[in-house]
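In what follows, a structure is listed as structure tokens, so that the remarks can point back to it.
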Amino acid sequence: MTSFIEEIRKELSERLPNIKLRLVRASILIENPKDLTQVVFYLKENPRFLLDYLSSITAVDYLDYLESVYHLYSMEKKQGPVVLRVRVSKTDTTIPSLIPIYHGAELQEREAYDTFGIIYEGHPNLKRLFMWDGFEGYPLRKDYEQEDSEILETADIEWLESKGIGITNEVKEKAKQMKMENKRAAAQKPEKPRN
Amino acid sequence: MTNFPSKRKSSGIKQWDHVYTSSVQNAPSHHWLKIFGAGALKGMVVTLKNFVTSYFRKPDQGGIFTVQYPEERYPEIENYRNLPFLVYDGSPDKVRCVACGICERECPPKCIYITMETDVAGKPVRKPAVFDIDYAVCMNCGICEEVCPFDSIFMDHVFEIASPRRIDTGMIRHQEDLLKSSEYLQKIRPKTATMIDEKKRAAEEKKKAVVKPPQGPTV
Amino acid sequence: MTQVENRHPSETLEINFGPQHPSTHGVFRMQMLLDGEKICSLKPVLGYLHRNHEQIAENITYAASMAYTDRLDYLNAMTNNFAYAIAVEKLAGIEVPERAEYIRVIMAELARLVNHITVIGFLLNDMGAFFTPLLYAFREREKILDIFEEVSGSRMMCNYFRFGGVKRDLTTENLTAIMQIVRRFPAFLEEFEALLTKNEILCMRCQNVGILPANLAVNSSITGPVLRASGVNYDIRKVDGYSIYKRFDFRIPLGEKGDVYDRYFVRILEMRESLKILYQALNKIPQGEFLNKKTLPFLKMPRNFKPAVGEAYGRIESPKGELGFYLVSDGTPQPWRYHVRAPSLINLTVLEDICIGQKVADAIIILGSIDIVLGETDR
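Protein chains in written order, with my numbering: chain V, 4 to 198; chain E, 786 to 1004; chain P, 389 to 767.
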């Protein structure tokens, strides 16, 4: 398996010398995200590899950076996987979309955008897939703060009262204070991971 | 124009990774089979055959297998798991559980809540003071049973647990509702119970043979 | 005769199909733009059953996630367990004993039978053959689910696989019961095919509807029976030969056109091949361990199971397509990243392409033939 990756890396560095590559855990890391489409297109069209099947796109949060991982296979030659990685910083999360090359990237890129906030440039319909449109934050990032469902906010209290459900003054005061401080009801994160 | 089935050369599949002959494709095609509607008629014969034979056949061979539920019941399968319960030996105060809290930690939806009992001096006693299971949250995975080192929590066969309320006496079950005797376990899970009893007996005999100070469980 | 222009200039109509509609197989919404009966555009809207499965799994132990994978594709929990077990075993380098491999294959193929008969039953339901084929299918499914209940304790939420084996051994009675099912199943399939395969109504509804060309299917990452119905020979059981599939003699049915009829028929033929695998596996199953003894401590203490830092992508041919689990470990009891490559989500990519130009009623059977389960689509 590693030799196959090695072979691909060799081929790529010979034919596309301008693109910086690095081997990470038996996979190819493309240093500059902008080069992704070029590499993928080359691997897809090259008769030696013919990676015509994009199995999976996913993202990983490594705290310092976000990583988008691509698993490519060849249906024609029945070989694979070739794992490609692209790293972006958390502030500028733009990666070129693979939709022009693989139609199958559509929903998977939307999913990665929804959960990690990676912006796939060139995606025709980059909307949230599972969450609703007004949702804030990216739930699978490690710094995502979960909403505390035990604490009521003013909007919740208004909604509950419109349905005729009585709320104690204590809870109302708390909500008011939170609104004054302009805070959301974020769940307290445990100090250490739950054992 | 709609596509009449006989205009297709085969019944769909021609390519294989090598040649395949389905029994359907092999069936002799009499000319009357090519009449439009013959396929549907053949299907109706199947339904008619099923309708008639369902009265004569055994339930597992295509007969009527309806079980008139509240009066009749399907035989219980030993390995069936539904919701957890606690086992005691002899009387309800001899609980097998020592409140080690492993099931509480390992429960994926976190539906178990345990606190350890303390004696008058405030020293912890190996016995649960509170043992609550939220049946509404439990997802019947059986992990608590698997991880329990003291064979005290098991999955029950009870499934009629409907309740008008979720909290309080509804779906949250306290220790006194959860406790069931080891005879009950023997009744619903004979194989498991016998295995555990044998294991215990062997351990006791070993203990008798080698007298050594009691050691606490390492949690 | 003069030609009468009978086509009035019409407005397009936007309708929301679902999420509360029995034909969408769950809570799935299709935003359709219609011109008369013809579909001009179709956008799938997902997320009504979203429960952030991936984040739940990142906060619990590896072993506890096994119970959650049952809830992905709830029609065949066995194959979901299989894929997850394979991914974790790859990650941690656990070996599986011989007998356990056989048990796994038997369970996975039984799950394939369950899935395919159910899907065909529901497809016929969508077509208007109200419940007769579905109940015939369910009659057989019930027998297989009884086996699942006997071995795993639950009919659908099996939670049967463990890392390095399975939870319980198969007894001789179980094996004879499975053998009996395998022996009787071909008779049921004959009956089912006599009812359906050459039925003119089914042929007219299905043939040439929702044609998916092979190149579009490959480009859209379609997998499973939908891909093979388009004539692409790609079955992960053959390609990867994971577990012990390389030892069995079976063939891959391929469709000719890629229409709904081919998808139906590929599934029927796949069931026959599954029976072949089952027959061989049941005859060859050896005696021995059903669980790798080295993993026993992890069963009692799942928190001690800490795979080394690394990542793994394990994939299997689930009845719906390629089901893959991408796991990243950071050396703690919880996975750092846990991703599910869900076939029923990715197979939906192509839904719009094959529905455009078809009638509304056809869109329903196309969706039925793609075979989605919303538990897996939305996660």
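A virtual CB, placed ideally from N, CA and C, is assigned to each residue, including glycine.
- Annotation note: the segment 396 to 465 of chain P contains the following uninterrupted beta strand (DSSP E) runs of length 3 or greater, listed N- to C-terminal: 401 to 405, 417 to 423 and 426 to 433.
- Counting only the Cα atoms, K531 (chain P) lies some 8 Å from D845 (chain E).
- Any Cβ of chain P closer than 8 Å to the Cβ of E139 (chain V) would place that residue at the interface, and such an atom is absent.
- The beta carbon of L584 (chain P) sits closer than 6 Å to those of L590, all from its chain and outside the five residues before and after it, given in chain order.
- Counting only the Cα atoms, L32 (chain V) lies some 6 Å from L26 (chain V).
- In the three-state reduction of the DSSP assignment, R729 (chain P) falls in the strand class.
- For V539 (chain P), the chain E residues whose C-beta falls within less than 9 Å of its own C-beta are N864, listed in chain order.
- Listed by position along chain E, the residues whose Cβ is nearer than 9 Å to that of N603 (chain P) form an empty set, because the closest Cβ is around 16 Å away.
- Given a length threshold of 4 residues, each whole run of the alpha helix (DSSP H) inside the segment 841 to 913 of chain E is given here in chain order: 887 to 891.
- One finds nothing in chain V with a Cβ atom closer than 9 Å to the Cβ of Y462 (chain P); even the nearest lies about 18 Å away.
- I938 (chain E) is bridged by DSSP to E:L871.
- By the 16-neighbour rule on beta-carbons within 10 angstroms, P877 (chain E) is exposed.
- Closest in alpha carbon position to V476 (chain P), among P:V716, P:E497 and P:I734, is P:V716.
- It is roughly 19 Å from the alpha-carbon of I704 (chain P) to the alpha-carbon of L736 (chain P).
- Contact of Y73 (chain V) with chain P by beta-carbon distance below 8 Å is absent, the smallest such distance being about 11 Å.
- A455 (chain P) sits buried, since 16 or more C-beta atoms from the chains shown fall within 10 Å of its C-beta.
- Bounds of the beta strand (DSSP E) holding Y73 (chain V) are Y68 to S77.
- Note on R28 (chain V): under 16 other CB atoms within 10 angstroms of its CB, so exposed under the neighbour-count rule.
- Pairwise C-beta distances place the segment 655 to 673 of chain P in contact with the segment 551 to 569 of chain P, as three or more of them are shorter than 8 Å.
- Taking a beta-carbon distance threshold of 8 Å, R12 (chain V) does not count as an interface residue toward chain P.
- In this structure, G646 (chain P) sits near S618 (chain P), with a CB-CB distance shorter than 8 Å.
- If you check each beta-carbon in the segment 82 to 109 of chain V against every beta-carbon of chain P, the ones closer than 7 Å belong to P84, Y105, H106, G107 and E109.
- Interface annotation, R527 (chain P): in contact with chain E, CB-CB separation under 8 Å.
- For the segment 710 to 740 of chain P, residues whose beta-carbon sits nearer than 8 Å to a beta-carbon of chain V comprise E710, G712, Y714, V716, T720, Q722, W724, R725, H727, R729, L733, I734, L736, T737 and V738.
- With its beta carbon less than 8 Å from one in chain P, A825 (chain E) belongs to the interface.
- The beta carbon of L615 (chain P) sits closer than 8 Å to the beta carbons of A605, V606, Y622 and G709 from its chain, once the five residues preceding and following it are set aside; these are given in chain order.
- Taking 8 Å as the cut-off, the beta carbon of Y436 (chain P) is found no closer than this to the beta carbon of D759 (chain P).
- Taken in chain order, the whole alpha helix (DSSP H) runs of length 4 or more contained in the segment 12 to 37 of chain V number zero.
- Under the Cβ distance rule, F821 (chain E) counts among the residues neighbouring chain P, one pair being separated by less than 8 Å.
- From the listed residues P:F678, P:S411, P:L401 and P:A525, the smallest Cα separation to G516 (chain P) is found for P:S411.
- A Cβ of chain V is located within less than 8 Å of the beta carbon of Q443 (chain P).
- In this structure the segment 629 to 639 of chain P does not lie against the segment 519 to 539 of chain P, because fewer than three pairs of beta carbons, one per stretch, are closer than 8 Å.
- DSSP, read as helix, strand or coil, puts G709 (chain P) in strand.
- Q722 (chain P): not part of any alpha helix (DSSP H); DSSP gives it neither H nor E.
- Taking 8 Å as the threshold, the shortest C-beta distance from K688 (chain P) to chain E falls below it.
- The C-beta distance from M544 (chain P) to Y462 (chain P) rounds to 6 Å, short enough to fall under 8 Å.
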